[in-house]
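Engineer: Chains as they are written, first to last, in full-length UniProt numbering: chain A, 1 to 230; chain B, 1 to 230; chain C, 1 to 230; chain D, 1 to 230; chain E, 1 to 230; chain F, 1 to 230; chain G, 1 to 230; chain H, 1 to 230.
C-beta: ideal position from N, C-alpha, C; glycine also.
Just so you know, these numbers come straight off a predicted model, no measurement behind them.
Protein chains: 8
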Amino acid sequence: MAEHSTQSAARAAQPGVVELDVDRVRRRGYPEAIYCEGKSREDLRTIARLITDHPDTHHLFTRVDEEKAAAILEILPDAHHDPVARFLAWPPTPPSPQGLRVLVACAGTSDLPIAREALLTARYLGREASLIADVGIAGVHRTLARTGEFRAAGAIIVAAGMDGALPGLIAGLVSCPVVALPTSVGYGAAFNGLAPLLTMLNACAPGVGVVNIDNGYGAGHLAAQITAPR
Amino acid sequence: MAEHSTQSAARAAQPGVVELDVDRVRRRGYPEAIYCEGKSREDLRTIARLITDHPDTHHLFTRVDEEKAAAILEILPDAHHDPVARFLAWPPTPPSPQGLRVLVACAGTSDLPIAREALLTARYLGREASLIADVGIAGVHRTLARTGEFRAAGAIIVAAGMDGALPGLIAGLVSCPVVALPTSVGYGAAFNGLAPLLTMLNACAPGVGVVNIDNGYGAGHLAAQITAPR
Amino acid sequence: MAEHSTQSAARAAQPGVVELDVDRVRRRGYPEAIYCEGKSREDLRTIARLITDHPDTHHLFTRVDEEKAAAILEILPDAHHDPVARFLAWPPTPPSPQGLRVLVACAGTSDLPIAREALLTARYLGREASLIADVGIAGVHRTLARTGEFRAAGAIIVAAGMDGALPGLIAGLVSCPVVALPTSVGYGAAFNGLAPLLTMLNACAPGVGVVNIDNGYGAGHLAAQITAPR
Amino acid sequence: MAEHSTQSAARAAQPGVVELDVDRVRRRGYPEAIYCEGKSREDLRTIARLITDHPDTHHLFTRVDEEKAAAILEILPDAHHDPVARFLAWPPTPPSPQGLRVLVACAGTSDLPIAREALLTARYLGREASLIADVGIAGVHRTLARTGEFRAAGAIIVAAGMDGALPGLIAGLVSCPVVALPTSVGYGAAFNGLAPLLTMLNACAPGVGVVNIDNGYGAGHLAAQITAPR
Amino acid sequence: MAEHSTQSAARAAQPGVVELDVDRVRRRGYPEAIYCEGKSREDLRTIARLITDHPDTHHLFTRVDEEKAAAILEILPDAHHDPVARFLAWPPTPPSPQGLRVLVACAGTSDLPIAREALLTARYLGREASLIADVGIAGVHRTLARTGEFRAAGAIIVAAGMDGALPGLIAGLVSCPVVALPTSVGYGAAFNGLAPLLTMLNACAPGVGVVNIDNGYGAGHLAAQITAPR
Amino acid sequence: MAEHSTQSAARAAQPGVVELDVDRVRRRGYPEAIYCEGKSREDLRTIARLITDHPDTHHLFTRVDEEKAAAILEILPDAHHDPVARFLAWPPTPPSPQGLRVLVACAGTSDLPIAREALLTARYLGREASLIADVGIAGVHRTLARTGEFRAAGAIIVAAGMDGALPGLIAGLVSCPVVALPTSVGYGAAFNGLAPLLTMLNACAPGVGVVNIDNGYGAGHLAAQITAPR
Amino acid sequence: MAEHSTQSAARAAQPGVVELDVDRVRRRGYPEAIYCEGKSREDLRTIARLITDHPDTHHLFTRVDEEKAAAILEILPDAHHDPVARFLAWPPTPPSPQGLRVLVACAGTSDLPIAREALLTARYLGREASLIADVGIAGVHRTLARTGEFRAAGAIIVAAGMDGALPGLIAGLVSCPVVALPTSVGYGAAFNGLAPLLTMLNACAPGVGVVNIDNGYGAGHLAAQITAPR
Amino acid sequence: MAEHSTQSAARAAQPGVVELDVDRVRRRGYPEAIYCEGKSREDLRTIARLITDHPDTHHLFTRVDEEKAAAILEILPDAHHDPVARFLAWPPTPPSPQGLRVLVACAGTSDLPIAREALLTARYLGREASLIADVGIAGVHRTLARTGEFRAAGAIIVAAGMDGALPGLIAGLVSCPVVALPTSVGYGAAFNGLAPLLTMLNACAPGVGVVNIDNGYGAGHLAAQITAPR
């Protein structure tokens, strides 16, 4: 029977509700991530327990608040936890980097949680990845000064809220693809990320692929695919 | 006089504000449900008391949070309560199933509360109903493997957030109607269910009828009507 | 090679671009329809020619303007053509009706093209189908006077623009499912069908499944599935 | 000097920030209301103190939560307070009713706070006003049974969330104007009142004037003007 | 049988599609209007022919372009036709005015077609009605100079596109109700009338009832009801 | 009497409909412009005739298509006509420039009509004004090479469609105000200027004031005010 | 290395994440502001410490809630703190005013926090600035009575929520530029500032430059640039 | 002087308005494309003439309607012209393919113009590129049957209108990046490409980068960058 009792503890233990897509690595070459929003701590403990049987691949937990992180760390105490990025990975050591280098750029502290989620995703999917957090369109010379670093990357993730103009600026400087990552940072007419999302979709410079608002995981995954070893 | 005093306890006891549509079963063949959002616990206790006079038909309470459930259970202690679905039914035993089978499908834990609300609604309206909670478009083979189960149903409710693509995929596999149930699960550009709602309205495969975002009750009711005995 | 020459005549003759989903009847039980918007007359002539090899199933053409209809009728001169509904079917005689009766309701001349598209779709998919074109919410007594006809149907398609309130009104009168079909008719704040679409999704009476704006074909198809013989 | 110190207590005591539009009664014939959202309790106490000098006209406070009500009642202990409507009036006794009768209609408990705000506004602006709280479009016969009451009114305020279809239905039954009052009640695709707002603007029956979402005060004021003695 | 042949000439002659709501005058006290958009010239000729049997009440045709006007005038050659307002009435002489005076105000030539449709509707529904076409918020003194005229009206219809601020300004000057009529005139961010519509719904001065974008007919009808003789 | 006959020629000759705000120069210091959209050629000829009595101030006609320009030029044959900008001014010679310099910047041919409308407006309102039409964010070095020119201006109007990022980039380089002018140029998700509008409102660099989509006149006017002689 | 440890204290101490744009005064002539939303108290303490090395220019902190203000005041105890405006400046004494006068206008207490943020920004950027807080469109005579004060300003910032009509009204009275500042104050259909934003973009009177919703800082900065000494 | 005469022929001949970004190949490694919408035929002839001096790199013209194509072909008679894709390239022979293979997938004739624009862009930027035009989510088995072809690509462009679900489906099958290309094909609630755009941004399978609606050029460019030789 596919149905589940209503006790919240029992619920997560039922097949169908919590199931690892263990086949995914084989099928797509990348492990699955567990999106923690809307999952109970009990659900996450159950998932963490199932994961202990699969130490051969990296498991990523995204959107992990402090309480949920504590629940997962009960079961996987050596997991790598990044509270700024609300990210958790197990086994804790990233794979040895392969392929081209991923660079993540953002304008500062407000976009940092999302930018770091992208950074860590790329790293745990096997890329060398680094972060530049002090570039922006308002101080364009500071950004242009990093052109050499941008040109050394195989893919650049650019996280930006507000006007979302940074990805288009950087795309105009380089030949590699830019993954544009809109964030929900900004005043009222940013409409929780809608404004930078539209800006990025309309970037004058071609070479920009856009992901969902605040979806650092998606950006990191796409960049890892673009820079994968051939 | 149609008006009410301002004391919140007295308010619910007044006619006009809390009134059961007892005629609805006769008129439409299905009982009324009590939508609990925006109702006080006192309102709900009053409604529960009125219901005790009508044990001949099933009464459904939807969108019941823990506090409201407690208030209702004071009056109807044997009611069936499903905290995941935020659903409560009295009398507690569903009617004997008639008509065709209803199948509810969703992608996993995040959509589960809404999917279960649909499941329980169909069941308390007199259908045999079951739930598949591990299908999705990202792992399409896992979904296709259930084709036999899909084809055995008289109506399939498909709950999905994010891209909302699952109902269209399933509709393309079967000849029965699909009730598409968008949920508010997802990253920023899902816009609280707007994205899956639009996806479902635009499903390439005909045979999809869409209900409101997170409206598991409405989906279950429509599926029960589609599968009613003739 | 999967690619195509740029000559517009040659283009349609290439495999891949124009291909009939002949397998669809077997897979889903209903034939495919050809959505004619965005197809050239040459494309449509090619499709019409391919169809002549499959007279055993009904082929529907939707959104056929006068020029495109003429192109199809060159190849299929005995096709049934309904210019109001911008609809064309071949072979011209609908299948013998099976299953329950489909009723289409709308408020008058403005919604008639869409309502007729729904009507003809249901009929060519094998249902007995009829149309009531003079009901509305502004003159509610005229609508209530048809209650008997509504209750005799197995499914009711209700097409409405402007406030889109008619499907919810009718759903409150009957026990069968209502397929709500928003149209783009109305003053400015109808926003080309957005207003009636939202009204229908929010219908107070459960039992309403909504399809896309002006999608008479989709409404007729869903209604035919709901009323299919068991 | 037009500017103010930053101490929050001192701020409200400064001219310019808190000033009564005492001239309004003379200019428009109706007193001003104090919209309490965004005002501090200190602001409200200051306003209440200023009001004690003007007992010759009625002062209305709208959107008053429990804490703010307590602050106002400190200064005006005999004010009439309606916690459901989040409304407060002083002097407490409404003026003797003049002009035609105002009727407020809504579907039940969820819309009641807004409907009562409209009711009390009309009453404190000098109209006889009453409330019908158990009508709706899903159970249309129950609504039609009140036609006599509807026709006895000089103006009808109809509050509705979800599909917002009730004002158009009632407007089709009567010759007096209908003030349509959308509320933010409903499932996801009601978009916090946008859906009923659009429905009401698109009402098929003419004779409907729409006010802002959840603006019971505005609806009551407009209805009082429509029914004013000539 | 409720269905219609596909010949476009025959279609309008069928019952159900073209039917006059002759009962409406008795039920609501106001005659029906024929909204001509989406109706064929043949439909309109049929309607005009039916109307000749009912010279006892006024029949209004709205949204009549030049070609449709010609078709109607073939049958009703003495009808009153206003090409600016795209409006046509028969019998041509308005009823003797009763009730209070209706005033229509707008800012100039761009809003004139909609303002005139409102003016003529009010007049053919039996009100004395006049038009002020040179007021606006940008030249506020010119508007204030008309305060005496505004205060002499029983209801004021204010048509405005662009910022839509005029209705709120006028409402602040008078005690009678203001019917706010947004028009689709303006630069890009007016979004075809959305901007003035929102402005009017948010008018700071209470006493404003809003109708649909460019719906001069609806505004005139509502104003006629507000000013009806008691 | 404020009303007008329905003959379109007579209409424009009536007071109220076509009236020059001759007082505006005295009141605001700038002449009125005639927005030609929605005005008939007859209206424009009437306005042109009225203008011939006021050669002491400049009269601007905006949004003038070829046919309307011909009508105006019949009456004012020496008017300056710019068909790219759809702009016409009379008397033809701009006033002697005063105040600071206005610079208009855009990315190229697509934004040129709007940019030129801004340029000509500033010039006819009495400013020295020039245009740079080959800057953009995709080729940022080309833009930065103009920094000296940008810094020499008293106000810079930046017209941009698509991502609308150019105003924010330039604002970050200068100390003078930037008037951001979104245009409706771009692919689908530019939504007719909504995307650049939002980008500009969210510009990271302060110092940006935004005007309506495609409103070159408004941008030129605002820039002329900012740079007015003191 | 550009990356940062996950400890939240350490994070702010890392280069790249918290970096002052000390060059900005030289480049643009105005100091940088620190937008405090999304920054931790630890981040703000670090920034405050860096600032103590730069007492030669004014540093502004915007969107400072009570807790964050306390953190900054630990390091900069003599900073000027305005809790209504959620604003903090150091050094505490504003620069001696230069250039033209800035006037800030709003309708009352609800818009006051945003209006004061604009006021203080202008003042700390070196302008004489004052606030009028009791003007509005509903009581237009009260507003017109201040015309003399409006005309004495070099730039006027007008903050308004709800219908957002005030900036257009004031722009029609003066020759100086108006900075329109929409606020998120209002009933449902104000949509968190969208309605006043659109109104302002569509203002009939030219001379209005619009900034982001609730962006008092941006408005004050733009006004300071417009009124800068030449 | 940066300004231009108003004669439309002369306009294009002026520097600044029509200028080739010849530096772009060196800077980014890819040539510039000329977006032809909003450019006159005279502009395009001028551009074509300038191009004849740069035969060493490929020049792409996008959004070329029949009239504009004729103008360009006057100057560049041997250019490759694809009328379906509204695309033109010169020199006509694509460069020898390098890097990984690009695959373009779409559902059929309606999306073909956009899909072909993507295909040709990738090919003229130096990739081997092919097109599969008969896959879709409604007939999922037909799509899955191409899995081998999908897995052989270095990047897959997936063009889709309506529900836009195809990119997410394909992304779930492969390890290479998917470039999602929404098209404006579909019924009303597709809102000219908004629905598929949102679906793609919300794709459940990571690995999807989204470009603008109907922007085949942008999709082809991004795919060419992803598959560039290392």
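1) Going along chain C, which residues have a C-beta under 8 Å from I213(E)?
2) Of the residues that make up the UniProt domain "PurE" (100-229) of chain C, which ones have a beta carbon closer than 7 Å to any beta carbon in chain H?
3) So is T147(E) buried or exposed if we call it buried at 16+ other beta carbons inside 10 Å?
4) What does D43(H) reach in chain F if we use C-beta pairs closer than 9 Å?
5) Looking at C-alpha atoms only, which residue of L44(H), I34(H), R26(H), V179(H) is the closest neighbour of A115(H)?
6) In terms of alpha-carbon separation, which member of R24(D), P229(D), R41(D) lies closest to H58(D)?
7) At what residue ranges does the segment 110-147 of chain A contain a whole run of the beta strand (DSSP E), taking only runs of 3 or more?
8) Count the other CB atoms within 10 Å of the CB of H141(E); is the residue buried (16 or more) or exposed (fewer)?
9) Bridge partners for I157(F) per DSSP, in chain order?
10) Residues in the same chain with beta-carbon distance under 8 Å from L144(G), minus the five sequence neighbours each way, listed in chain order, please.
11) Any beta carbon of chain E sitting closer than 8 Å to that of G29(D)?
12) Rounded to whole angstroms, what's the CA-CA distance from L112(G) to E37(D)? Just pull it up for me.
13) Whose C-alpha, out of P167(E), P196(E), P229(E), is nearest the C-alpha of A205(E)?
14) Which same chain residues, not among the five before or five after P91(G), have their C-beta less than 7 Å away from its C-beta?
15) Which same chain residues, not among the five before or five after A165(E), have their C-beta less than 7 Å away from its C-beta?
16) For K39(B) and chain D, any beta-carbon pair shorter than 8 Å?
17) Kindly indicate which three-state DSSP category Y217(E) falls into: helix, strand or coil?
18) So is A129(H) buried or exposed if we call it buried at 16+ other beta carbons inside 10 Å?
19) In its own chain, which residues sit with a C-beta less than 6 Å from the C-beta of A159(G), not counting the 5 before and 5 after it?
20) Cα separation between R127(H) and N212(F)?
21) For the beta strand (DSSP E) holding A89(B), just list the boundary residues, first then last.
22) In angstroms, rounded to a whole number, what distance separates the CA positions of K68(C) and Y30(B)?
23) Is the beta carbon of G216(D) less than 8 Å from the beta carbon of A155(D)?
24) Could you pull the start and end residues of the alpha helix (DSSP H) that A71(D) belongs to?
25) Just curious, the beta strand (DSSP E) that V208(C) is in, first and last residue?
26) By DSSP, does T52(A) sit in helix, in strand, or in coil?
27) Would L120(A) pass as a contact of F87(A) if the rule is Cβ separation under 8 Å?
28) Helix, strand or coil for D78(E), going by three-state DSSP, please let me know.
29) Just checking my contact of G193(E) with G188(C) at CB under 8 Å: how many whole Å lie between their CB atoms?
30) Since V135(F) contacts G161(F) with CB under 8 Å, what's their CB separation in whole angstroms?
Structural biologist: In this structure, then:
1) Y187, G188, A189
2) S184, N192, G193, L197, N212, I213, D214, N215
3) exposed
4) T109
5) V179(H)
6) R24(D)
7) 129-132
8) exposed
9) V104(F), V179(F)
10) L173
11) yes
12) 13 Å
13) P167(E)
14) P55, H58
15) I137, T199
16) yes
17) helix
18) buried
19) C106, D111, I114, A115, L181, T183
20) 42 Å
21) 87-90
22) 47 Å
23) no
24) 66-75
25) 208-210
26) coil
27) yes
28) coil
29) 5 Å
30) Wrong, their Cβ atoms sit about 14 Å apart, outside the cutoff.
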